[in-house]
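Residue numbering for the sequence shown follows the numbering used here, beginning at 2 and increasing consecutively.
For glycine and all other residues, C-beta sits at the position ideal for the given N, C-alpha and C.
Nothing here was measured: the structure is a model prediction, and the numbers come from that model.
Encoded as structure tokens, the structure appears first; notes follow it.
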Amino acid sequence: MTTAGPATSTLTGLPALPPLLARGALLSPLKRPRPDAHFPRTQLTVPGLRVDLARLAAYERVCGFPTGEDTLPVTYPHVLGFPLAMRLMSGRDFPLPLLGLVHTSIAITRYAAMPATAAYELTARVERLAPHRRGTEATVLTRALADGEPVWESRSTYLARHEAGPRRETPPTPDADTADPSPLPTHREWRLAGDIGRRYGAASGDRNPIHLHPLTARLFGFPRAIAHGMWTVARCLAEHGTPDAAVVRAEFRAPVLLPGTVTYGAGGGRFELRGDAGRLHLSGAAGPYPAA
Numbered sequence: 002m003t004t005a006g007p008a009t010s011t012l013t014g015l016p017a018l019p020p021l022l023a024r025g026a027l028l029s030p031l032k033r034p035r036p037d038a039h040f041p042r043t044q045l046t047v048p049g050l051r052v053d054l055a056r057l058a059a060y061e062r063v064c065g066f067p068t069g070e071d072t073l074p075v076t077y078p079h080v081l082g083f084p085l086a087m088r089l090m091s092g093r094d095f096p097l098p099l100l101g102l103v104h105t106s107i108a109i110t111r112y113a114a115m116p117a118t119a120a121y122e123l124t125a126r127v128e129r130l131a132p133h134r135r136g137t138e139a140t141v142l143t144r145a146l147a148d149g150e151p152v153w154e155s156r157s158t159y160l161a162r163h164e165a166g167p168r169r170e171t172p173p174t175p176d177a178d179t180a181d182p183s184p185l186p187t188h189r190e191w192r193l194a195g196d197i198g199r200r201y202g203a204a205s206g207d208r209n210p211i212h213l214h215p216l217t218a219r220l221f222g223f224p225r226a227i228a229h230g231m232w233t234v235a236r237c238l239a240e241h242g243t244p245d246a247a248v249v250r251a252e253f254r255a256p257v258l259l260p261g262t263v264t265y266g267a268g269g270g271r272f273e274l275r276g277d278a279g280r281l282h283l284s285g286a287a288g289p290y291p292a293a
């Protein structure tokens, strides 16, 4: 007996992010998250998508990738697919409130180099909900296909914090409260300007208020604006480098306040960002696909 896959909804283009952010914020007070809640099973698809090369160049500059390369940076398909993920997570049938939702990890597999001038089909769907010791975590699966074949995919986890029950069926995603591993050898120190969030937001389209200005960040409990988690991953991978066929995994451990200073460490295929007193902000690993 075979199980039918998720229903597919085909869009004519990528949705705009600001209305999705607004809708998600308005609906957030109505949500009551729990790991056994119903969640949308529909897969969103956008066929024939082509990359805006000017926006790609702006992204490469703010993240530290070389500009004008023939292939997309390994993290750029996440930027392309993020509006689809946001459409799913801002909907009435998504059980977790968008306000306060924390991006806790991302796992990326790139099966082959992705030409910047090619056309891609993007898909996104909510794959699962799972209990977490701090609440409920959703996994969003995003894929890019070329000529009908997958060339890139990611699984992002998003945590809604709430009072959790006594039972935990899956290990929690590492966070700032868990023990830090030993520091990796330091390779670079980066002084981050206060406008990094605005520059990345302009290039990626992700203009979440917590990343833009100290005033808007304080409305959400942060003393200053914080860097986008996906900017920290991209900046590390621009320094680390990845093969054409690659596997990347990163955990977001603590927010990076802007402006600020961080150190980039790497060794044995792993990378990290640390801040004051060695506080771990990001840890990850990158290597060839398939893994040796």
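Beta-carbon separation of residue 147 and residue 119 under 7 Å?
As a first step, residue 147 is located in the sequence shown; it is residue number 146 there, counting from the start. As a first step, residue 119 is located in the sequence shown; it is residue number 118 there, counting from the start. Going by C-beta atoms, residue 147 is nearer than 7 Å to residue 119.
Contact between the region 130-138 and the region 85-93: three or more CB pairs below 8 Å?
When C-beta atoms of the region 130-138 are compared with those of the region 85-93, fewer than three pairs fall below 8 Å, so the two segments do not count as touching.
Nearest candidate by alpha-carbon position, reference residue 107, set 289, 143 and 200
Translated into the one-based positions of the sequence shown, residue 107 becomes position 106. Considering only alpha carbons, the answer is 143.
Assuming contact is defined by CB atoms lying nearer than 7 Å, are residue 218 and residue 260 in contact in what I supplied?
Residue 218 sits at position 217 when you count from the first residue of the sequence shown. Residue 260 sits at position 259 when you count from the first residue of the sequence shown. Not a contact, by the Cβ cut-off of 7 Å.
Close-in-space but distant-in-sequence residues of the same chain around residue 173 (CB under 6 Å, 5 per side omitted)
Walking along the sequence shown from the start, residue 173 turns up at place 172. With a pLDDT of only 44 at residue 173, under the threshold of 50, the placement of this residue in the model should not be trusted; the figure read from the coordinates follows. For residue 173, the CB contacts under 6 Å within the same chain, skipping 5 residues up- and downstream, are 133 and 134 in chain order.
Determine the direct distance from the alpha carbon of residue 200 to that of residue 53, and round the result to whole angstroms.
Along the sequence shown, read from residue 1 onward, the residue named residue 53 stands at position 52. Along the sequence shown, read from residue 1 onward, the residue named residue 200 stands at position 199. Between residue 53 and residue 200, the C-alpha separation is close to 16 Å.
Within the continuous beta strand (DSSP E) that includes residue 197, where are the two ends?
The sequence position of residue 197 within the sequence shown is 196, counting from 1. Judged by DSSP secondary structure, residue 197 falls outside any beta strand (DSSP E) and instead within the alpha helix (DSSP H) spanning 197-205.
Can you list, in chain order, the residues of its chain whose CB lies under 7 Å from that of residue 151, leaving out five sequence neighbours each side?
As a working note, residue 151 is residue 150 in the sequence shown. These residues qualify, in order along the chain: 112 and 144.
Need the endpoints of the alpha helix (DSSP H) that residue 83 sits in, please.
To locate residue 83, count along the sequence shown from 1; it is residue 82. Start and end: 77-90.
Which residue from 69, 34 and 252 puts its Cα closest to that of residue 157?
As a working note, residue 157 is residue 156 in the sequence shown. Closest by alpha carbon: 252.
With 16 other CB atoms within 10 Å as the buried threshold, where does residue 39 fall?
For the purposes of this step, residue 39 is identified with residue 38 of the sequence shown, where counting begins at 1. Looking at its Cβ environment, which holds fewer than 16 other Cβ atoms inside 10 Å, residue 39 is exposed.
Okay, do the region 61-70 and the region 21-38 touch, 3+ Cβ pairs below 8 Å being the bar?
No, the region 61-70 does not touch the region 21-38.
Look at the alpha carbon of residue 212 and the alpha carbon of residue 282, and state the distance between them as a whole number of angstroms.
Position 211 of the sequence shown, counted from the first residue, corresponds to residue 212. Position 281 of the sequence shown, counted from the first residue, corresponds to residue 282. So the two alpha carbons sit approximately 16 Å from each other.
Where do the N-terminal and C-terminal ends of the beta strand (DSSP E) with residue 247 fall, by residue?
As a working mapping, residue 247 is identified with position 246 in the sequence shown. Run containing residue 247: 247-253, per the beta strand (DSSP E) assignment.
Cβ neighbours of residue 268 in the same chain (closer than 7 Å, five flanking residues each side left out):
By 1-based counting over the sequence shown, the position of residue 268 is 267. Hits under 7 Å: 185 and 186.
Below 7 Å between beta carbons: does that hold for residue 303 and residue 204?
This structure cannot settle anything about residue 303, because the visible part of the chain is limited to 2 through 293.
Is residue 161 closer than 7 Å to residue 102 when the C-beta atoms are compared?
Your numbering for residue 102 matches position 101 in the sequence shown. Your numbering for residue 161 matches position 160 in the sequence shown. A contact, by the Cβ cut-off of 7 Å.
Distance between residue 291 and residue 228 (C-alpha atoms, nearest Å)
Reading the sequence shown from its first residue, position 227 is the one you call residue 228. Reading the sequence shown from its first residue, position 290 is the one you call residue 291. So the two alpha carbons sit approximately 31 Å from each other.
Backbone secondary structure at residue 70 - three-state DSSP
For the purposes of this step, residue 70 is taken as the residue at position 69 of the sequence shown. Residue state, collapsed to three classes: coil.
With distance defined between alpha-carbon atoms, name the residue in 31, 34 and 49 nearest to residue 11.
Along the sequence shown, read from residue 1 onward, the residue named residue 11 stands at position 10. Checking every option, the nearest Cα to that of residue 11 belongs to 49.
Report the three-state DSSP secondary structure of residue 182 (helix, strand or coil).
What you label residue 182 is simply residue 181 of the sequence shown in a count that begins at 1. Note: residue 182 maps to coil in three-state DSSP.
Please report how far the alpha carbon of residue 155 lies from the alpha carbon of residue 232, in whole angstroms.
Start at 1 with the first residue of the sequence shown, and residue 155 comes out as number 154. Start at 1 with the first residue of the sequence shown, and residue 232 comes out as number 231. Taking the straight line joining both Cα atoms gives about 16 Å.
6 Å CB neighbourhood of residue 256 in its chain, flanking five on each side removed:
Position 255 of the sequence shown, counted from the start, is the residue given in the question as residue 256. For residue 256, where only same-chain residues beyond five positions count, the Cβ hits under 6 Å are 227.
Quick one: using the 10 Å Cβ neighbour count with 16 as the cut-off for buried, is residue 216 buried or exposed?
Walking along the sequence shown from the start, residue 216 turns up at place 215. Answer is exposed; the Cβ neighbour count stays below 16.
Would you tell me roughly how many angstroms separate the C-alpha atoms of residue 170 and residue 71, rounded to the nearest one?
One-based indexing of the sequence shown puts residue 170 at position 169. One-based indexing of the sequence shown puts residue 71 at position 70. In this predicted model, residue 170 has a pLDDT of only 46, less than 50, meaning its place in the structure is not dependable; the value taken from the coordinates is given anyway. If I take the Cα positions, the gap works out to 44 Å.
The beta strand (DSSP E) that contains residue 282, what's its start and end?
The residue labelled residue 282 in the question sits at position 281 within the sequence shown. Unbroken beta strand (DSSP E) run through residue 282: 281-289.
Among the candidates 225, 210, 287 and 278, whose CA atom is the shortest distance from the CA of residue 235?
To locate residue 235, count along the sequence shown from 1; it is residue 234. That would be 287, whose Cα lies nearest to the Cα of residue 235.
Quick check: the Cα distance between residue 109 and residue 243, rounded to an integer number of angstroms?
Within the sequence shown, residue 109 is the residue found at index 108, counting from 1. Within the sequence shown, residue 243 is the residue found at index 242, counting from 1. Rounded to the nearest angstrom, the two C-alpha atoms are 11 Å apart.
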